[in-house]
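Residue numbers (the working numbering), protein chains in the order written: chain A, 1 to 315; chain B, 1 to 264.
Every residue gets a Cβ at the ideal spot worked out from N, C-alpha and C, and that includes glycine.
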């Protein structure tokens, strides 16, 4: 049936045990047959060296930048500067409000797409390809696309005026309506990054044994009952993975905001970029970066604690 | 039952329109006369023309920036595949001490956003004298892409039956020879998918590129810097040029996409 079923399954079957959200949980060894030796370490060495030099060292350097002042002395001077940076708190709030709206919106959208892809739909390979297209589109491009729709003389106003619903162009992207701008950013983000959530959810759906659904059919469960009482509970570990990923991505939203809002609204990532490129303040910029990282780690931990997954659900 | 199937198709079509229609609108903006870009209300079928596109192409630094984007993506693909594929092979074929720890750390790199890495790296690259070069951006992009390449190639290579490789060795192939002659041809589409992913991620990446370049930006960085000062036709043409590779590379990747899991 579905192309993603047969092929994606084949590509991952070796490493992913059923039900484990692809990627975020390391898989069990697929019973490789080779004896232990030096070979695997030699093969891994280049990647380890590379990630130490270009991942771990910059991370430590980022911490050092954030906790030293411009003179190089250790202390909380940069943290103070961060907390008193004009627009700091509004960027925090904007990021959090955006996150709060985008989580449910995108989850529902992604769930709809993945249930459709996973159902016996003719041409499901085609639908899957279409739904995956935004995966290859940058946040900058998506921001410009939605700017062309929401700008004063843009597509949305054109259509509304043609339909006679408005008589003057409505200003969607006004700095006076911050919530409206956030809403347009949410739309652009929902359009662009739903595909990655779909990948995770389809992976989870395909790992659910067909017997559960068949059992529900025996008891004449309606499609909604099946979704609510069978599919969603079984999908819980996958949903958790999707929520974590979506949250981490939301803290990094950057070019979409610049394309849609210009300088009339800031989020944490745009503040970090501005601090470096406009104000030449690497310490402050690094402090923003570390804050984004901390928020990502804390929210990941929160999801792991708040949505515990019983071990039998993982089987 | 028929009604339900119809409902499904209607849903699938609506969602496809939701994905595709904004892409059409961008195309209409990028391939119409400049005057029809400013026209209001706009017509959904504009005056098609290459005027907007050629205006963008003739703007300062655009061809050079596109060239740099291509070079950066090429270096990123070569580096990340050369470094990542052996690691993927090790995970797919060997059981060894530290395997789980390695995989866990590879996966957890996802929690560290590009924002955290690119600013300290900018400081390093200034010291090393490669700041504002294609190498600076490519080295950063390779660090971002590498964990994904390792995960994708390991799942692709695990899908190639180990028996075939052993059979080749029985018939006299060395281990590298068996990999090259037996595993590679079978894994090629999957490895191409991993490479496509690296290309897309590098070609699209804008935050690090804008931090790590000043005079010699990649295309997204150039467009981002010019955004507040540029007219709408410039923006639409730029976005179209940034959008178009997705159609090709997602097509190459489509069979393997579900194995990505932690993609972007």
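Beta-carbon proximity list for residue i, same chain, < 8 Å, skipping 5 on both sides
i              : result
residue 1(A)   : Confidence at residue 1(A) is low in this model, with a pLDDT of 32, below 50, so the placement of that residue is unreliable and no value is reported for it.
residue 55(B)  : 34, 233, 234 and 237
residue 102(A) : 186, 189, 190, 246 and 250
residue 119(B) : 211
CA nearest to the CA of residue i, picked from the options
i              : options                           : result
residue 286(A) : 146(A), 39(A) and 79(A)           : 79(A)
residue 248(A) : 264(A), 266(A), 193(A) and 260(A) : 193(A)
residue 95(A)  : 268(A), 150(A) and 105(A)         : 268(A)
residue 28(B)  : 257(B), 45(B), 69(B) and 253(B)   : 45(B)
residue 107(A) : 216(A), 58(A) and 246(A)          : 246(A)
residue 138(A) : 239(A), 253(A) and 301(A)         : 253(A)
residue 229(B) : 240(A), 259(A) and 87(A)          : 259(A)
residue 292(A) : 93(A), 51(A) and 86(A)            : 93(A)
residue 195(A) : 166(A), 132(A), 220(A) and 218(A) : 132(A)
residue 109(A) : 146(B), 241(B) and 11(B)          : 11(B)
residue 281(A) : 38(B), 108(B), 123(B) and 26(B)   : 123(B)
residue 78(B)  : 180(B), 191(B) and 53(B)          : 191(B)
residue 239(B) : 82(B), 253(B), 252(B) and 222(B)  : 222(B)
Assigned secondary structure, residue i (DSSP; H/G/I helix, E/B strand, else coil)
i              : result
residue 151(A) : coil
residue 68(A)  : strand
residue 32(B)  : strand
residue 132(B) : coil
residue 281(A) : coil
residue 42(B)  : coil
residue 157(A) : helix
residue 85(A)  : coil
residue 127(B) : helix
residue 265(A) : coil
residue 15(B)  : helix
residue 247(B) : helix
residue 168(A) : coil
residue 136(A) : helix
residue 256(B) : coil
residue 119(A) : coil
Nearest-angstrom Cα separation, counted from residue j out to residue i
i              : j              : result
residue 96(B)  : residue 40(A)  : 7 Å
residue 81(A)  : residue 71(A)  : 14 Å
residue 295(A) : residue 130(A) : 33 Å
residue 158(B) : residue 207(A) : 18 Å
residue 146(A) : residue 222(A) : 38 Å
residue 21(A)  : residue 236(A) : Residue confidence is low: residue 21(A) scores 37 on pLDDT, short of 50, so the model does not pin down where it sits. Its coordinate-derived value is still stated next. Computed Cα separation, rounded: 10 Å.
residue 154(A) : residue 182(B) : 55 Å
residue 224(B) : residue 307(A) : 38 Å
residue 111(A) : residue 128(A) : 13 Å
residue 44(A)  : residue 165(B) : 20 Å
residue 255(A) : residue 204(B) : 11 Å
residue 23(B)  : residue 148(B) : 27 Å
residue 214(B) : residue 169(B) : 52 Å
residue 141(B) : residue 232(A) : 36 Å
residue 141(A) : residue 7(B)   : 32 Å
residue 111(B) : residue 105(B) : 10 Å
residue 225(A) : residue 80(B)  : 46 Å
residue 273(A) : residue 86(A)  : 15 Å
residue 90(A)  : residue 83(A)  : 11 Å
residue 19(B)  : residue 290(A) : 34 Å
residue 231(B) : residue 174(A) : 18 Å
residue 61(A)  : residue 136(A) : 31 Å
residue 165(A) : residue 156(A) : 11 Å
residue 209(A) : residue 15(B)  : 26 Å
residue 227(A) : residue 234(A) : 10 Å
DSSP beta-bridge partners of residue i
i             : result
residue 74(A) : 68(A)
residue 48(B) : 32(B)
Cross-chain neighbours of residue i in chain E, by beta carbon under 9 Å
i            : result
residue 6(B) : Given the protein chain composition of this structure (A and B), no chain E is represented.
Close Cβ partners of residue i (< 7 Å) along its chain, the five nearest in sequence each way excluded
i              : result
residue 114(A) : 198, 201, 202 and 205
residue 249(B) : 196, 199 and 200
residue 162(B) : 93
residue 114(B) : 144, 207 and 208
residue 50(B)  : 31
residue 246(B) : 200
residue 72(B)  : 134, 137, 138, 141, 202 and 218
residue 103(B) : 91
residue 3(A)   : In this prediction, residue 3(A) has a pLDDT of 35, which is less than 50 and means its spatial position is unreliable; nothing more can be read from the coordinates.
residue 309(A) : 236, 237 and 240
Close-in-space but distant-in-sequence residues of the same chain around residue i (CB under 6 Å, 5 per side omitted)
i              : result
residue 219(B) : 65, 66 and 69
residue 25(A)  : Because residue 25(A) carries a pLDDT of 45, less than 50, the predicted location of this residue cannot be relied on, and the following value inherits that uncertainty. So the list is empty, once near-sequence residues are dropped.
residue 186(B) : 160
residue 88(B)  : 150, 153, 154 and 157
residue 98(B)  : none
Distance cut-off 7 Å: residue i Cβ against heavy atoms of the ligand GTP
i              : result
residue 154(A) : With respect to small molecules bound, the structure shown includes none, and the ligand GTP cannot be examined in it.
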